[in-house]
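Have a look at the structure below before the remarks.
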Amino acid sequence: MSDTQPPVMIAESDIRERVAELAGKISADYADKGELVLIGVLKGAFIFLADLARNLTIPRAIEFIAVSSYGTGSKSGAVRLVMDVRGSIEGRHVLIVEDIVDTGNTLGYLIGILESHNPASIRTCTLLHKANHTKVDIDIDYIGFEIGDEWVVGYGLDYAEQNRTLPYIGNVTPTD
Ligand code: IMP
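In my numbering, the protein residues as written are 47 to 222.
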């Protein structure tokens, strides 16, 4: 437990409220479409995915995909697929669930990979969006919160593997 406690940027109660709102919207949008496959992007989206999935009122299945886009700090690098989805998504409705969209490289890359599996549809959902940083032209269908340029941790997000399990979103200033 060497984690420090970064200042609160988005409180636990605000996250809970917003996740419930997003789940309500997604449930309404997919109400007559059968099962929705939620694909969580590891590691950062694991907590958001768990809360979002439990708030949905529609049939859903859970898959995970893992990419590595950064080293141990905050410097950006090439996106690499570390683990593909296990189940078939062919002909199924897919929602990619991301923790945060920064440049958009990761989400753009994932859409490309998942499209090659021929799903019925692909939509995207992210808890956080750094709109000022996003360079890749992608549609994000569901966004929890727009944030600025700061590095954020907690609720699944880390800085060098620290603070992932904080219950709130806090901000830290990277030193590398
Ligand atoms: P992108 O490819 O630049 O959009 O970056 C997306 C990935 O970078 C996310 O899935 C996170 O893993 C990581 N990331 C970007 N910004 C932050 C941040 O502020 N905190 C923690 N992780 C971040």
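The C-beta atom is built at its ideal place from N, Cα and C for all residues, glycine as well. Source: prediction; values computed, not measured.
Note to self: Quick check on S134: does DSSP put it in helix, strand or coil?
What the structure shows: Numbered from its first residue, the sequence shown carries residue 134 at position 88. Note: S134 maps to coil in three-state DSSP.
Checklist line | Residue of F94, E81, P52, M55 minimising C-alpha distance to I189 | finding: Counted from its first residue, the sequence shown places residue 189 at position 143. I189 has its Cα closest to that of F94, out of F94, E81, P52, M55.
Note to self: Going by beta-carbon coordinates alone, are V54 and Y214 separated by less than 8 Å?
What the structure shows: Walking along the sequence shown from the start, residue 54 turns up at place 8. Walking along the sequence shown from the start, residue 214 turns up at place 168. Yes, these two residues count as a Cβ contact at 8 Å.
Notebook entry, point to check: Which word fits I56, buried or exposed, when buried means at least 16 other C-beta atoms lie within 10 angstroms of its C-beta?
Noted result: Sequence index remark: in the sequence shown, residue 56 carries index 10 (1-based). Under this definition I56 is a buried residue.
Note to self: For V87, tell me which candidate among I186, V198, E144 has the shortest Cα-Cα distance.
What the structure shows: Residue mapping note: residue 87 aligns to position 41 of the sequence shown, counting from 1. Closest option to V87, Cα to Cα, is E144.
Notebook entry, point to check: Can you tell me the Cα-Cα spacing of M47 and A77, whole angstroms?
Noted result: Here the question's residue 47 lines up with position 1 in the sequence shown. Here the question's residue 77 lines up with position 31 in the sequence shown. Note on M47: pLDDT 45, under 50, position unreliable in the model; no value is reported.
Item checked: Top-ranked residue by Cα proximity to L160, from A69, E58, A112 -> Translated into the one-based positions of the sequence shown, residue 160 becomes position 114. For L160, the nearest C-alpha among the options comes from A112.
Check: Given 8 Å as the limit, is there contact between the region 170-183 and the region 135-155, that is, 3 or more CB pairs closer than that?
Finding: Yes, they touch.
Next item on the list: Can you give me the start and stop residues for the beta strand (DSSP E) that T172 sits inside?
Entry: Position 126 of the sequence shown holds residue 172. Looking at the DSSP string, the run of the beta strand (DSSP E) that includes T172 is 167-175.
Margin query: Could you compute how far the alpha carbon of T103 sits from the alpha carbon of E207?
Written below: Working through the sequence shown from its first residue, we reach residue 103 at position 57. Working through the sequence shown from its first residue, we reach residue 207 at position 161. One C-alpha to the other measures close to 33 Å.
Item checked: Sequence-distant residues of the same chain with beta carbon closer than 6 Å to E196, five excluded per side -> In the sequence shown, residue 196 corresponds to position 150, counting from 1. These residues qualify, in order along the chain: N217.
Next item on the list: Kindly indicate which three-state DSSP category L88 falls into: helix, strand or coil?
Entry: By one-based count along the sequence shown, residue 88 stands at place 42. Strand, per DSSP.
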